[in-house]
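I have placed the structure first, in the form of structure tokens, so that the comments after it can refer back to it.
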Amino acid sequence: MPEPLSAIAEPRPDSDKRPGPTRPIRKMDFKMAYEPSKRGPATSSVHGGELRQQEANAITTPIYQTSTFWFQNSQEVIDYQEGKTDREEYGRYGNPTWRAVERKLSELERGEESILFASGMCAATTTFLAMLPSGSHMIVTSDCYRRTRQFIDEYLSRMGVEVSIIEPSNLDAFEAAIKKNTVLFFTESPTNPYLRVTDVTAFSELARAHNVKLIMDSTFATPVNHRTIEEGADLVIHSATKYLAGHNDLLAGTVTGSREAIEPIRKALGVLGGIIDSHGAWLLLRGLKTLSIRMERHNANGNAMSRFLEEHPKIRRVWYPGLESHPDHAIAKRSMSGYGGVVTFEIDTNLEGAIRFIDSTRIPYQAPSLGGVESLIELPVTMSFWDYSPEQRQAWGITDSLVRLACGIESEEDLIGDIDQALKSV
Ligand SMILES: *Cc1c(COP(=O)(O)O)cnc(C)c1O
Numbered sequence: 005m006p007e008p009l010s011a012i013a014e015p016r017p018d019s020d021k022r023p024g025p026t027r028p029i030r031k032m033d034f035k036m037a038y039e040p041s042k043r044g045p046a047t048s049s050v051h052g053g054e055l056r057q058q059e060a061n062a063i064t065t066p067i068y069q070t071s072t073f074w075f076q077n078s079q080e081v082i083d084y085q086e087g088k089t090d091r092e093e094y095g096r097y098g099n100p101t102w103r104a105v106e107r108k109l110s111e112l113e114r115g116e117e118s119i120l121f122a123s124g125m126c127a128a129t130t131t132f133l134a135m136l137p138s139g140s141h142m143i144v145t146s147d148c149y150r151r152t153r154q155f156i157d158e159y160l161s162r163m164g165v166e167v168s169i170i171e172p173s174n175l176d177a178f179e180a181a182i183k184k185n186t187v188l189f190f191t192e193s194p195t196n197p198y199l200r201v202t203d204v205t206a207f208s209e210l211a212r213a214h215n216v217k218l219i220m221d222s223t224f225a226t227p228v229n230h231r232t233i234e235e236g237a238d239l240v241i242h243s244a245t246k247y248l249a250g251h252n253d254l255l256a257g258t259v260t261g262s263r264e265a266i267e268p269i270r271k272a273l274g275v276l277g278g279i280i281d282s283h284g285a286w287l288l289l290r291g292l293k294t295l296s297i298r299m300e301r302h303n304a305n306g307n308a309m310s311r312f313l314e315e316h317p318k319i320r321r322v323w324y325p326g327l328e329s330h331p332d333h334a335i336a337k338r339s340m341s342g343y344g345g346v347v348t349f350e351i352d353t354n355l356e357g358a359i360r361f362i363d364s365t366r367i368p369y370q371a372p373s374l375g376g377v378e379s380l381i382e383l384p385v386t387m388s389f390w391d392y393s394p395e396q397r398q399a400w401g402i403t404d405s406l407v408r409l410a411c412g413i414e415s416e417e418d419l420i421g422d423i424d425q426a427l428k429s430v
């Protein structure tokens, strides 16, 4: 396996001699741009993890469409088994296309290593299975992703794993829930659908003091908006299906962290087998190249939409971490560089009025998911909570006129104009 970071850390020997307009770039700045830990998120999105030297001088990483990798002779097999060579072996354990994505993501997240999975759920379930021995205890927040909760309740419980559920962002509740056998704390930030933001620094200090691993599902934040590992998270999980891939065209999951923390999860993936195919990995690699620039537009649209809605007479309440009225605005402002494209709001109407509104929108597709270039909209009550009783919905805080709008990267005026016209039908 070539050493990728040093490969891209070296400027090309002839790069100073290339023709073209000369810009006054100081030598110092020029060197810094090649050092992965010092470059900006847009440079990391494009160049992170890519090998400068590809087969046939190609610019882009190929799709390695192969299920296995051959050895020239038995000595190569033996050298590989003894750890003397670093290379690929069989498709369930690695593929050079995935490696490029893993390196790009590690650079964006500022973590040592990353792993890809077939979906975000696969990333979470494989991580839990790798980290939780039977009889251990974990802590999660009450609004964590429904299927994650289901995995804990229906599957981890069979292995005798105990769980405590606390309110999001409640540090005192976290401390009170820690027991002798607590292994990990899992939370999302921002959460769905109320976009609560976790003070990662405070939680990670408390977790470390009790030898508990802090795992952040950073799907709604992305490494562009929130660098949770730098703030102290041990592992960061993404449903890469959302912003990382960004085009509503594939499912994938990722986990990033220290080499030591990642190792057992990589082993578990090799056994459980929830791997991404190399074409999907390549689409993710391609999507990631525009992550930083897409996030600029998602952030701008989310921000403008939340402010428009907050002023609208037919809106009861808006939840967006960038709004001064959001309960976690101060934490978000301190730790995040943007607040994303998802805006949650409650219309001053009943279920019928909310349905009239959502069915009148023209630009967003009515669909689950978020983070893609196309705006998506849903009523959580019909999309995710239809089979729940009114009491259960109330406990989750899901009202009949609650809307989740995941702003894509369309023009701000068009999106706001569409929501404005649809609100007339409430
Ligand atoms: C979508 C989502 C998941 C699940 O990811 P899949 O890629 O759909 O398996 C997990 N967590 C969050 C916060 C999500 O939005």
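Numbering (the numbering used here), first residue to last: 5 to 430. Ideal Cβ positions, reconstructed from N, Cα and C, are used throughout, including at glycine.
### Check: E382 C-beta below 7 Å from any heavy atom of ligand 1
Here residue 382 corresponds to residue number 378 of the sequence shown, with the count starting at 1. Checking every heavy atom of ligand 1 against the Cβ of E382, none is found closer than 7 Å.
### Query
From which residue to which residue does the beta strand (DSSP E) around L409 run?
Working through the sequence shown from its first residue, we reach residue 409 at position 405. For L409, the enclosing beta strand (DSSP E) begins and ends at 406-410.
### Query
Secondary structure at E171, three-state DSSP: helix, strand or coil?
Counted from its first residue, the sequence shown places residue 171 at position 167. Coil.
### Message
So the candidates are S296, I351, N307, A211; which of them puts its Cα closest to the Cα of H330?
### Response
The count along the sequence shown starts at 1 and reaches residue 330 at position 326. Of S296, I351, N307, A211, the residue nearest in Cα terms is N307.
### Task
With a threshold of 16 other CB atoms inside 10 Å of the CB of R27, please say whether the residue is buried or exposed.
Looking up residue 27 in the sequence shown gives position 23. Its pLDDT being 49, under 50, R27 is placed unreliably by the model, and nothing is read from it.
### Message
Using a Cβ-Cβ cutoff of less than 6 Å, which residues in the same chain neighbour H251 once the five nearest sequence positions on both sides are dropped?
### Response
Along the sequence shown, read from residue 1 onward, the residue named residue 251 stands at position 247. Excluding sequence neighbours, H251 sits near G291, G376, V377.
### Task
Please report how far the alpha carbon of I29 lies from the alpha carbon of G52, in whole angstroms.
Taking the sequence shown and counting its residues from 1, one reaches residue 29 at position 25. Taking the sequence shown and counting its residues from 1, one reaches residue 52 at position 48. Because I29 carries a pLDDT of 47, less than 50, the predicted location of this residue cannot be relied on, and no value is offered for it.
### Query
Where does L160 land, buried or exposed, given buried means 16+ other C-beta within 10 angstroms?
In the sequence shown, residue 160 corresponds to position 156, counting from 1. The residue in question, L160, is buried, as its Cβ has 16 or more Cβ neighbours within 10 Å.
### Query
In its own chain, which residues sit with a C-beta less than 6 Å from the C-beta of T232, not counting the 5 before and 5 after it?
Locating residue 232 in the sequence shown gives position 228, counting from the first residue. The answer, listed in chain order, is V204, M220, S222, V240.
### Query
Does DSSP put G345 in a helix, a strand or coil?
Mapped onto the sequence shown, residue 345 falls at position 341. Coil, per DSSP.
### Task
Return the first residue and the last residue of the beta strand (DSSP E) that F445 is part of.
Since the first residue shown for the chain is 5 and the last is 430, residue 445 is missing from the structure and cannot be characterised.
### Task
Measure the CB-CB distance between L248 and L288 and report whether it falls below 8 Å.
Here the question's residue 248 lines up with position 244 in the sequence shown. Here the question's residue 288 lines up with position 284 in the sequence shown. Their beta carbons are under 8 Å apart, which means L248 touches L288 by this criterion.
### Query
When you compare each of H333, M309, A244, G95 to D418 by their alpha carbons, which one comes out closest?
Residue numbering aside, residue 418 sits at position 414 when the sequence shown is read from its first letter. Checked all of H333, M309, A244, G95; the closest Cα to D418 is M309.
### Message
Can you tell me where the beta strand (DSSP E) holding F389 begins and where it ends?
### Response
As a working note, residue 389 is residue 385 in the sequence shown. Bounds of any beta strand (DSSP E) do not take in F389, whose DSSP letter is neither H nor E.
### Message
Output needed for I423: all residues of its chain with C-beta closer than 8 Å, excluding positions within five of it in sequence on either side, in chain order.
### Response
Stepping through the sequence shown from its first residue, residue 423 is reached at position 419. The residues are M309, F312, L313, T365, L409.
### Task
Consider the C-beta atom of E113 and the heavy atoms of ligand 1; say whether any pair is separated by less than 7 Å.
For this step, residue 113 is matched to residue 109 along the sequence shown. Every heavy atom of ligand 1 is 7 Å or more from the Cβ of E113, so no.
### Query
What separation, rounded to the nearest whole angstrom, lies between the Cα atoms of L254 and K337?
By 1-based counting over the sequence shown, the position of residue 254 is 250. By 1-based counting over the sequence shown, the position of residue 337 is 333. Taking the straight line from one Cα to the other gives about 31 Å.
### Query
What are the uninterrupted segments assigned as alpha helix (DSSP H) that are 4 or more residues long and contained completely in the region 105-188, given in chain order?
Unbroken alpha helix (DSSP H) stretches of 4 residues or longer found wholly inside the region 105-188: 124-135, 150-158, 175-181, given in chain order.
### Query
Got a sec: does ligand 1 put a non-hydrogen atom nearer than 7 Å to the Cβ of F132?
For this step, residue 132 is matched to residue 128 along the sequence shown. The answer is no for F132.
#### Entry: Element boundaries [alpha helix (DSSP H), containing M220]
Here residue 220 is taken as the residue at index 216 of the sequence shown, counted from 1. It is not in any alpha helix (DSSP H) - M220 instead sits in the beta strand (DSSP E) that spans 217-221.
### Message
Can you give me the C-alpha to C-alpha distance between H283 and Q69, rounded to a whole angstrom?
### Response
One-based indexing of the sequence shown puts residue 283 at position 279. One-based indexing of the sequence shown puts residue 69 at position 65. Computed Cα separation, rounded: 7 Å.
### Beta-carbon proximity list for P45, same chain, < 6 Å, skipping 5 on both sides
Sequence index remark: in the sequence shown, residue 45 carries index 41 (1-based). V228, S296.
### Task
Ignore the nearest five residues each way along the sequence and tell me which others in K217's own chain have a CB closer than 6 Å to its CB.
Taking the sequence shown and counting its residues from 1, the one referred to as residue 217 is at position 213. Cβ neighbours of K217 beyond the five flanking positions: L188, D238.
### Task
Flag Y343 as yes when its Cβ comes closer than 7 Å to any non-hydrogen atom of ligand 1, and as no otherwise.
As a working note, residue 343 is residue 339 in the sequence shown. False, no ligand heavy atom lies under 7 Å from that Cβ.
### Message
According to DSSP, is G44 part of a helix, a strand, or is it coil?
### Response
For this step, residue 44 is matched to residue 40 along the sequence shown. Of the three classes helix, strand and coil, the one that applies to G44 here is coil, per DSSP.
### Query
Hey, is K293 close to ligand 3, as in C-beta under 7 Å from one of its heavy atoms?
What this structure holds is ligand 1, not ligand 3.
### Task
Can you check the region 298-376 for any alpha helix (DSSP H) of at least 4 residues that lies completely inside it and give the ranges in chain order?
Within the region 298-376, the complete alpha helix (DSSP H) runs of at least 4 residues are 333-339, 355-364.
### Task
Count the other C-beta atoms from every protein chain shown that fall within 10 angstroms of the C-beta of G164, then say buried if there are 16 or more, exposed otherwise.
For this step, residue 164 is matched to residue 160 along the sequence shown. Burial call: exposed.
### Task
Apply the 10 Å Cβ neighbour rule to K428 and answer buried if 16 or more other Cβ atoms are within range, or exposed otherwise.
In the sequence shown, residue 428 corresponds to position 424, counting from 1. With fewer than 16 other Cβ atoms within 10 Å, it is exposed.
### Query
Can you tell which of S379, S262, K183, S405 has the C-alpha that lies nearest to the C-alpha of R114?
Taking the sequence shown and counting its residues from 1, one reaches residue 114 at position 110. Comparing C-alpha distances from R114 to each of S379, S262, K183, S405 shows the shortest one belongs to S262.
### Query
Straight-line CA distance for T403 to T386?
On the sequence shown, residue 403 is found 399 positions in, with the first residue counted as 1. On the sequence shown, residue 386 is found 382 positions in, with the first residue counted as 1. Computed Cα separation, rounded: 10 Å.
### Message
Using the Cβ count rule (16 or more neighbours within 10 Å means buried), how would you classify K246?
### Response
The sequence position of residue 246 within the sequence shown is 242, counting from 1. By the 10 Å Cβ count, K246 comes out buried.
### Message
Is E226 near ligand 1 - that is, is its Cβ less than 7 Å away from at least one heavy atom of it?
### Response
For the purposes of this step, residue 226 is identified with residue 222 of the sequence shown, where counting begins at 1. Strictly speaking, residue 226 in this sequence is Thr, with Glu absent from that position. Distances from the CB of T226 to the heavy atoms of ligand 1 are all 7 Å or more.
### Task
Answer with buried or exposed for K183, where buried requires no fewer than 16 other C-beta atoms within 10 angstroms of its C-beta.
As a working note, residue 183 is residue 179 in the sequence shown. With fewer than 16 Cβ atoms within 10 Å of its Cβ, K183 is classed as exposed.
### Message
Just to check my reading of the structure: N196 and F224 have Cβ atoms closer than 8 Å, yes? What is that Cβ distance to the nearest angstrom?
### Response
Locating residue 196 in the sequence shown gives position 192, counting from the first residue. Locating residue 224 in the sequence shown gives position 220, counting from the first residue. The pair is a contact, with the Cβ atoms about 7 Å apart (cut-off 8 Å).
### Straight-line gap, Y369 to E117 (C-alpha atoms, nearest Å)
Within the sequence shown, residue 369 is the residue found at index 365, counting from 1. Within the sequence shown, residue 117 is the residue found at index 113, counting from 1. The straight-line gap from Cα to Cα measures roughly 35 Å.
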